[in-house]
Structure formats: C-alpha cells, structure tokens
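Here is the structure we will look at, set down as structure tokens.
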Amino acid sequence: MNPPAPDAGPDFDLRAYLLGAWSVDRTLLDRATGTRGTFTGVVRFTAVDDGGGLSFHEEGTVRLTATAMDGEPFTGPASRNYLFNRTESPDAMDVAFPDGRPFHRMSFRPDASQDQHWCEPDTYRVTYTLHGPDHFSYAWDVRGPGKDQLLESVLRRLDPAG
1207 MNPPAPDAGP DFDLRAYLLG AWSVDRTLLD RATGTRGTFT GVVRFTAVDD
1257 GGGLSFHEEG TVRLTATAMD GEPFTGPASR NYLFNRTESP DAMDVAFPDG
1307 RPFHRMSFRP DASQDQHWCE PDTYRVTYTL HGPDHFSYAW DVRGPGKDQL
1357 LESVLRRLDP AG
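Residue 1230 in the numbering used here sits at position 24 of the sequence shown; the count goes up by one each step and never skips.
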C-alpha cells in the first residue's frame, strides 16, 4: 500500500520533492500507426548551481513493436534533458528545453496539474498526478496532423526516505 500523497497545495515544495533519482516506466502508443512501446530507465533531478532550478536527465532503453518506417521492432538506448526553473510559487516549476526555450509548467496542484505545449503542427497536453511521497505519474496526449500519440510515465523514487 502506498503512503498517502503529500498535500500539493501552494506551500508544497516541488523542487525539494523532485530532487534525487527516480525509476521511470513509460508506455508509448502511436494511435496513427498502431506502434506500441515501452521505455524503462532512470531520471535524475539535480540542483542547478544557481540554487533555484533543477537539471533533468533521463536515460534508459526504448522498445518498440514494428515501426511504421520499416516494419521491424526496435530496441535501443534513449535519453533526454530538460531544465526545471522556479516560479513565483513553490508548488510549480517551469520546464524548458536544454537551450532555454519554454516547454510547459509542472504542478501537482489539482487546479494546475495540466498544461499544454504547441509544437507545430501538433498540441502536446500533459497531466501530472501525485500518488505519494515517492511516486508520481504523468501522461502526454499528443494530437495534430503530425502526431497522434499517448505516452504514460510512472516514476518511483530510487532512494526513498525511511
């Protein structure tokens, strides 16, 4: 049984919550092609020198069923990086691409747990869910003329307190 989720209200310190290493398990579905897949790996949130932000580094293995391009399954390494910047409220962080371009806002507060990003020509919608002190998830629903995908990620702290 999971411990109760912490209160994600306006005093919740999202930066402190995220700091550390997390396992990540993701399912991928390309609704247009029927391609399915998984990603398993580790996400590390590390403090940025200025003391206010976090660096996000995700690394692991992606496995896809037959792809639309060549009809063959694919397994290989995958990684990505983001920057998480403080906002005016401790319960939210602005996520940016490594070059500083804005991506979206992350928060678990019920009235702010969803956001979107437009990446021509598609819209990316994200929903964050806080499950407990060492467990959260998020889902990206990507729709548009270029993509029709659903990516669902579950993260669990690798070094839980206690």
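Just so it is clear, CB atoms sit at the ideal spot from N, CA and C, and this is done for glycine as well.
The straight-line gap separating the alpha-carbon atoms of Trp1324 and Tyr1330 is approximately 6 Å. Taking Gly1243 as the centre and dropping the five residues before and after it, the same chain places the C-beta of Leu1234, Val1268, Arg1269, Leu1270, Thr1271 closer than 7 Å to its C-beta, in chain order. Spatial neighbours of Arg1292 in its own chain (CB-CB distance under 7 Å, excluding positions within 5 residues in sequence) are listed in chain order as Arg1221, Gly1258, Gly1259, Met1299.
In this structure, DSSP gives Ala1302 an extended state, which the three-state scheme calls strand.
Looking only at Phe1245, Phe1251, Val1230, the smallest Cα-Cα distance to Tyr1223 is reached by Phe1251. Nearest neighbour of Gly1306 by Cα position, chosen from Phe1262, Ser1343, Leu1225, turns out to be Phe1262.
By the Cβ test, the stretch 1306-1315 is not in contact with the stretch 1275-1284, since fewer than three Cβ pairs between them sit closer than 8 Å. Excluding five sequence positions before and after Asp1297, the CB atoms of its chain that fall closer than 8 Å to its own CB belong to Ala1214, Gly1215, Pro1216, Asp1217, Phe1218, Asp1219, Leu1220, Ser1313, Phe1314, Arg1315, Ala1318, given in chain order. The three-state secondary structure of Ala1272, taken from DSSP, is coil.
Bridge partners of His1310 according to DSSP: Val1301. Counted as a single uninterrupted DSSP element, the alpha helix (DSSP H) harbouring Ala1222 occupies residues 1220-1224. Shown here, Arg1232 sits in a strand according to DSSP, grouped into three states. For Ser1285, the three-state secondary structure derived from DSSP is strand. Annotation: the continuous beta strand (DSSP E) that includes Gly1243 extends over 1242-1253.
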